[in-house]
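These notes concern the structure reproduced below.
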Amino acid sequence: MQLTDFMQLLTNLDDRNALFLAAGDQEIPLSKVTLARESCQLTTGHKPLTLGHLKRLLGRGSQDIPLRFLADGQEVPIYGVQIQAAKGRLLCK
Numbered sequence: 001m002q003l004t005d006f007m008q009l010l011t012n013l014d015d016r017n018a019l020f021l022a023a024g025d026q027e028i029p030l031s032k033v034t035l036a037r038e039s040c041q042l043t044t045g046h047k048p049l050t051l052g053h054l055k056r057l058l059g060r061g062s063q064d065i066p067l068r069f070l071a072d073g074q075e076v077p078i079y080g081v082q083i084q085a086a087k088g089r090l091l092c093k
């Protein structure tokens, strides 16, 4: 998935939603962003990023670079986002 496509999916969603990654049967918080010239990585951790925080970290103009999701150092393929409005979450799966 490209970073621009991911950010486009999330354009009209509430910035207070927390970001989580579906890895196997677990839902793990996405906590860290690493932005480089060749890719952007979202990495799991303890406290989830909010969508608003992610937008502020990446800036206004998201680049057309690959977006990678990492859990325990392993890349996890992502095909979309599930909105869990009742929980205030965005689940990347």
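Mapping of the sequence shown onto full-length UniProt numbering: position 37 corresponds to residue 37, and the numbering continues sequentially without gaps.
The C-beta atom is built at its ideal place from N, Cα and C for all residues, glycine as well.
Proximity of residue i and residue j at Cβ, strictly below 8 Å
i, j, result
"LEU91", "GLN82", "yes"
"ASN17", "GLY88", "yes"
"HIS46", "SER31", "yes"
"ILE78", "LEU3", "no"
Extent of the continuous alpha helix (DSSP H) run through residue i
i, result
"ARG56", "51-58"
"LEU10", "Per DSSP, LEU10 belongs to no alpha helix (DSSP H) and is neither H nor E."
Buried versus exposed call for residue i [16 or more other C-beta atoms within 10 Å across all chains shown]
i, result
"ASN12", "exposed"
"PRO48", "buried"
"LEU57", "exposed"
Residue interval of the beta strand (DSSP E) (run including residue i)
i, result
"GLU27", "26-35"
"ARG68", "67-71"
"GLN84", "81-84"
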